[in-house]
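S.K.:
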Amino acid sequence: MAPNEPFTSRQFAPYNTLVLSGLFGFVWAREAWTTGLIADNILFWPGGYFLSLWILSPFAQYFFKSLETNGRRAFIKQHLAISAGFGMLHFILTGLVIILLERFFKLPEHYNFYQPGSYIRQSWPYLFDGMLWYWGYIFVFLYLQTRERLAVEKQKSEAIQKELAASDLSVLRTELNPHFLFNAMNSIAMKVRLKENKLAVAMIASLNDLLRSVLSRKREKTVPLSEEIELLNKYLMIEKVRFGDQVEVTQDFNEDLLPASVPQMILQPLVENAFKHGVKDSLRQQKISITGTKENGSLVLTVFNTTEEVRRFDTANGSEGIGLPNIIHRLRRHYGTDFSFQSMTTGAGIAFRITLPFRSI
Numbered sequence: 370m371a372p373n374e375p376f377t378s379r380q381f382a383p384y385n386t387l388v389l390s391g392l393f394g395f396v397w398a399r400e401a402w403t404t405g406l407i408a409d410n411i412l413f414w415p416g417g418y419f420l421s422l423w424i425l426s427p428f429a430q431y432f433f434k435s436l437e438t439n440g441r442r443a444f445i446k447q448h449l450a451i452s453a454g455f456g457m458l459h460f461i462l463t464g465l466v467i468i469l470l471e472r473f474f475k476l477p478e479h480y481n482f483y484q485p486g487s488y489i490r491q492s493w494p495y496l497f498d499g500m501l502w503y504w505g506y507i508f509v510f511l512y513l514q515t516r517e518r519l520a521v522e523k524q525k526s527e528a529i530q531k532e533l534a535a536s537d538l539s540v541l542r543t544e545l546n547p548h549f550l551f552n553a554m555n556s557i558a559m560k561v562r563l564k565e566n567k568l569a570v571a572m573i574a575s576l577n578d579l580l581r582s583v584l585s586r587k588r589e590k591t592v593p594l595s596e597e598i599e600l601l602n603k604y605l606m607i608e609k610v611r612f613g614d615q616v617e618v619t620q621d622f623n624e625d626l627l628p629a630s631v632p633q634m635i636l637q638p639l640v641e642n643a644f645k646h647g648v649k650d651s652l653r654q655q656k657i658s659i660t661g662t663k664e665n666g667s668l669v670l671t672v673f674n675t676t677e678e679v680r681r682f683d684t685a686n687g688s689e690g691i692g693l694p695n696i697i698h699r700l701r702r703h704y705g706t707d708f709s710f711q712s713m714t715t716g717a718g719i720a721f722r723i724t725l726p727f728r729s730i
């Protein structure tokens with residue numbers, strides 16, 4: 370068993386006092402109902418009994434906090450010995466409290482200091498009651514400790530998940546966006562020099578909308594497919610201006626797929642990869658197709674690009690940079706093992722295929 374976490378007196382004392390006061394009131398009311406309302410008996414029963422418990426209860430808290438045990442057996446042995454001492458103290462202290470209170474208020478005495486035998490014969494069950502009360506406190510402390518640890522672990526887990534989500538998007542943007550922004554600004558500058566001002570303004574507007582959209586949703590885990598397509602189109606507008614007739618981009622998404630939930634920026638790195646490997650160094654016109662279908666209750670997203678040099682992508686060892694391995698990492702975090710990510714090469718080009726559970730937002 371791990372070392373016990375402390376419970377402050379400020380947390381424990383008021384609740385303990387409230388519970389003992391409630392029990393005292395209940396027991397006294399029950400006795401008054403059955404035997405009649407006798408004010409003198411309040412100090413005898415249940416006054417002394419619960420007052421001694423209230424006095425001794427901080428010791429239960431102290432021993433629970435201070436003892437560090439390694440294993441359930443050692444924990445039981447230590448607290449079993451302490452519970453015996455707690456029971457004995459409860460047995461002795463109850464009698465002393467009753468005697469002192471009755472003498473202080475000058476009430477008829479049930480016991481006295483010179484006849485301990487009478488008290489022992491009548492009140493020996495208090496010893497076992499004290500042991501039971503001690504274990505009751507221990508179980509309450511264990512429950513509170515477990516709940517507190519679970520809450521801390523939950524907070525840590527949520528914090529880690531948020532950090533991972535932010536890290537994933539930051540890493541993805543750090544890898545992809547600087548190259549894209551550099552090339553986009555160069556393209557805009559070129560259009561300005563060529564006095565194609567309308568096109569330059571349109572590119573600036575698309576770039577502004579793209580960046581605003583990305584930054585405003587940077588903490589979201591998933592977005593509807595319609596928003597992901599909208600984000601992708603802002604990126605494509607700039608790339609189409611940059612590459613012109615060198616590339617033909619087609620999209621095919623059924624309308625019933627648009628509410629589907631997808632991780633943010635899951636398509637853009639695949640399309641950017643298509644531009645990087647299929648279009649950038651090619652002298653002939655290349656094609657990029659982006660499609661979405663629903664197959665057997667799953668959402669299937671495919672990005673295909675023609676290429677003159679067909680290559681195989683190995684995303685497992687990180688040789689493909691950050692973009693593609695990061696997609697797999699994000700998909701694994703969102704869906705566990707309930708997804709697939711495939712790269713397929715053909716004589717015409719290469720396709721990336723993502724299969725996700727179909728979930729609507």
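Quick note: to get my numbering, add 369 to the position in the sequence shown (first position is 1).
All C-beta atoms, glycine included, are put in the ideal place defined by N, C-alpha and C.
(1) Just curious, the alpha helix (DSSP H) that Arg441 is in, first and last residue?
(2) Here's the rule: buried if 16 or more other CB atoms are within 10 angstroms of the residue's CB, otherwise exposed. What is Val570?
(3) Per DSSP, what kind of secondary structure is Gln491 in: helix, strand or coil?
(4) In three-state DSSP terms, what is Phe721?
(5) Looking only at C-alpha atoms, which of Pro427, Glu400 and Ser421 sits nearest to Phe318?
(6) Can you tell me whether Asn674 is helix, strand or coil according to DSSP?
(7) Taking the alpha carbon of Val640 as the reference point, which residue from Arg653, Gly613 and Val672 has its own alpha carbon closest?
(8) Locate the alpha helix (DSSP H) running through Gly757, then write down its first and last residues.
(9) On the DSSP letters alone, give me the boundaries of the beta strand (DSSP E) that Ile657 sits inside.
(10) Would you mind stating whether Pro593 and Ile730 have Cβ atoms separated by less than 7 Å?
(11) Using the rule of at least 16 other Cβ atoms within 10 Å of the residue's Cβ for burial, across every protein chain shown, is Asn686 buried or exposed?
(12) For Leu580, is the classification buried or exposed, using 16 other Cβ atoms within 10 angstroms of its Cβ as the cut-off for buried?
(13) With Phe721 and Leu668 assumed to form a contact (beta carbons below 8 Å), what rounded beta-carbon distance in angstroms separates them?
(14) Where does Leu668 fall in DSSP's three states?
(15) Return the CA-CA distance between Thr676 and Arg562, expressed in angstroms with no decimal places.
(16) Would you please state the rounded distance, in angstroms, between the beta carbons of Gly456 and Gly505? I believe it to be under 8 Å.
(17) Smallest Cα separation from Phe460: which of Tyr431, Gln447, Leu449 and Leu420?
(18) Let me know if Trp502 comes out buried or exposed under the rule of 16 or more other beta-carbons within 10 Å of its beta-carbon.
(19) Where does Asp707 fall in DSSP's three states?
(20) Which residue from Phe432, Leu627, Ile598 and Asn566 puts its Cα closest to that of Pro638?
(21) Do Glu617 and Phe346 have their beta-carbon atoms positioned less than 7 Å apart in this structure?
(22) Consult DSSP for Thr386 and reduce its assignment to one of helix, strand or coil.
(23) Can you tell me the Cα-Cα spacing of Tyr480 and Thr404, whole angstroms?
(24) Tell me which residues share the same chain as Ala553 and place their Cβ nearer than 6 Å to its Cβ, disregarding the 5 neighbours each side in the sequence.
(25) Give a yes or no on whether the C-beta atoms belonging to Gln620 and Ile659 are separated by under 7 Å.
(26) Please return the same chain residues whose Cβ sits closer than 6 Å to the Cβ of Val396, not counting the five positions on each side in sequence.
(27) From the DSSP output, in three-state form, read off Glu374 for me.
(28) If I measure Cβ to Cβ from Gln654 and keep anything under 8 Å in the same chain, skipping five residues before and after, which residues do I get?
(29) Assuming contact is defined by CB atoms lying nearer than 7 Å, are Gly464 and Tyr431 in contact in what I supplied?
(30) Could you give the C-beta distance for Phe508 and Phe433, rounded to a whole number, given that I count them as a contact under 8 Å?
(31) Is DSSP giving Phe622 helix, strand or coil here?
(32) For the alpha helix (DSSP H) containing Ser595, list its first residue and its last residue.
(33) Select from Leu422, Gly417, Ala401 and Leu700 the residue whose C-alpha is nearest the C-alpha of Thr386.
(34) Starting from Pro632, trace the beta strand (DSSP E) in both directions and tell me its first and last residue.
(35) Which residues does DSSP list as the beta-bridge partners of Val616?
(36) Work out the CA separation of Thr724 and Asn665 for me, nearest whole Å.
M.R.: Looking at the atomic coordinates:
(1) Sequence index remark: in the sequence shown, residue 441 carries index 72 (1-based). In this chain, the alpha helix (DSSP H) harbouring Arg441 covers Arg441 to Phe473.
(2) Taking the sequence shown and counting its residues from 1, the one referred to as residue 570 is at position 201. So Val570 counts as exposed.
(3) Here residue 491 is taken as the residue at index 122 of the sequence shown, counted from 1. When secondary structure is reduced to three states using DSSP, Gln491 falls in the helix class.
(4) For the purposes of this step, residue 721 is taken as the residue at position 352 of the sequence shown. Assigned with DSSP and collapsed to three states, Phe721 falls in strand.
(5) Not covered by the structure: residue 318. The range shown for the chain is 370 to 730.
(6) For the purposes of this step, residue 674 is taken as residue 305 along the sequence shown, with counting starting at 1. In this structure, DSSP gives Asn674 an extended state, which the three-state scheme calls strand.
(7) Walking along the sequence shown from the start, residue 640 turns up at place 271. Looking at the Cα atoms, Val672 is the closest of the given residues.
(8) Given a span of 370 to 730 for the chain in the structure shown, any question on residue 757 remains unanswerable.
(9) Your numbering for residue 657 matches position 288 in the sequence shown. That run of the beta strand (DSSP E) goes Gln655 to Glu664.
(10) Taking the sequence shown and counting its residues from 1, one reaches residue 593 at position 224. Taking the sequence shown and counting its residues from 1, one reaches residue 730 at position 361. Note that the C-beta distance between Pro593 and Ile730 is below 7 Å.
(11) The residue given as residue 686 occupies position 317 in the sequence shown. Confidence in Asn686 is poor, its pLDDT being 45 and thus under 50, which makes the residue's placement unreliable; the coordinate value appears in the next sentence. So Asn686 counts as exposed.
(12) Locating residue 580 in the sequence shown gives position 211, counting from the first residue. It is exposed - the Cβ of Leu580 has fewer than 16 other Cβ atoms within 10 Å.
(13) Indexing the sequence shown from 1 puts residue 721 at position 352. Indexing the sequence shown from 1 puts residue 668 at position 299. Phe721 to Leu668, Cβ: 14 Å. No contact.
(14) The residue given as residue 668 occupies position 299 in the sequence shown. In this structure, DSSP gives Leu668 an extended state, which the three-state scheme calls strand.
(15) For the purposes of this step, residue 676 is taken as residue 307 along the sequence shown, with counting starting at 1. For the purposes of this step, residue 562 is taken as residue 193 along the sequence shown, with counting starting at 1. Cα atoms of Thr676 and Arg562: separation of roughly 32 Å, rounded to the nearest angstrom.
(16) As a working note, residue 456 is residue 87 in the sequence shown. As a working note, residue 505 is residue 136 in the sequence shown. Rounded to whole angstroms, the Cβ separation of Gly456 and Gly505 is 12 Å, and the two are not in contact under 8 Å.
(17) Within the sequence shown, the letter at position 91 stands for residue 460. For Phe460, the closest C-alpha among the options Tyr431, Gln447, Leu449 and Leu420 is that of Leu420.
(18) In the sequence shown, residue 502 corresponds to position 133, counting from 1. Per the 10 Å Cβ criterion, buried.
(19) For the purposes of this step, residue 707 is taken as residue 338 along the sequence shown, with counting starting at 1. Here Asp707 sits in coil by DSSP.
(20) What you label residue 638 is simply residue 269 of the sequence shown in a count that begins at 1. Comparing alpha-carbon positions, the option among Phe432, Leu627, Ile598 and Asn566 lying closest to Pro638 turns out to be Ile598.
(21) Only positions 370 to 730 of the chain appear in this structure, which leaves residue 346 out of reach.
(22) Position 17 of the sequence shown holds residue 386. Correct three-state label for Thr386: helix.
(23) Here residue 480 corresponds to residue number 111 of the sequence shown, with the count starting at 1. Here residue 404 corresponds to residue number 35 of the sequence shown, with the count starting at 1. Each residue's alpha carbon lies about 21 Å from the other.
(24) For this step, residue 553 is matched to residue 184 along the sequence shown. Its chain contains Leu576 and Ile607 as the residues whose beta carbon lies nearer than 6 Å to that of Ala553, once the 5 sequence neighbours on both sides are disregarded; these appear in chain order.
(25) In the sequence shown, residue 620 corresponds to position 251, counting from 1. In the sequence shown, residue 659 corresponds to position 290, counting from 1. Between Gln620 and Ile659, the C-beta gap is smaller than 7 Å, which places the two residues in contact.
(26) As a working note, residue 396 is residue 27 in the sequence shown. For Val396, where only same-chain residues beyond five positions count, the Cβ hits under 6 Å are Pro415.
(27) Indexing the sequence shown from 1 puts residue 374 at position 5. Any reading at Glu374 must be qualified, since the residue scores a pLDDT of 49, below 50, and its modelled position is unreliable; the value itself is stated next. Coil, per DSSP.
(28) Against the sequence shown, residue 654 aligns to sequence position 285. Non-local C-beta neighbours of Gln654 in its own chain, meaning closer than 8 Å and more than five positions away in sequence, comprise Asp614, Gln615, Val616 and Glu617, ordered along the chain.
(29) Locating residue 464 in the sequence shown gives position 95, counting from the first residue. Locating residue 431 in the sequence shown gives position 62, counting from the first residue. Against a cut-off of 7 Å, the Cβ pair of Tyr431 and Gly464 comes out as no contact.
(30) Sequence index remark: in the sequence shown, residue 508 carries index 139 (1-based). Sequence index remark: in the sequence shown, residue 433 carries index 64 (1-based). In fact, because the Cβ distance is near 10 Å, the residues do not count as touching under 8 Å.
(31) Translated into positions along the sequence shown, residue 622 becomes position 253. Look at Phe622 here: in three-state DSSP terms it is strand.
(32) On the sequence shown, residue 595 is found 226 positions in, with the first residue counted as 1. Looking at the DSSP string, the run of the alpha helix (DSSP H) that includes Ser595 is Leu594 to Phe612.
(33) As a working mapping, residue 386 is identified with position 17 in the sequence shown. A check of alpha carbon separations from Thr386 across Leu422, Gly417, Ala401 and Leu700 identifies Leu422 as the nearest.
(34) Here residue 632 refers to the residue found at position 263 of the sequence shown. Counting along the chain, Pro632 sits inside the beta strand (DSSP E) bounded by residues Ser630 to Pro632.
(35) Position 247 of the sequence shown holds residue 616. Checking the DSSP bridge columns, you'll see Val616 partnered with Gln655.
(36) Residue mapping note: residue 665 aligns to position 296 of the sequence shown, counting from 1. Residue mapping note: residue 724 aligns to position 355 of the sequence shown, counting from 1. Their backbone Cα atoms lie some 11 Å apart in a straight line.
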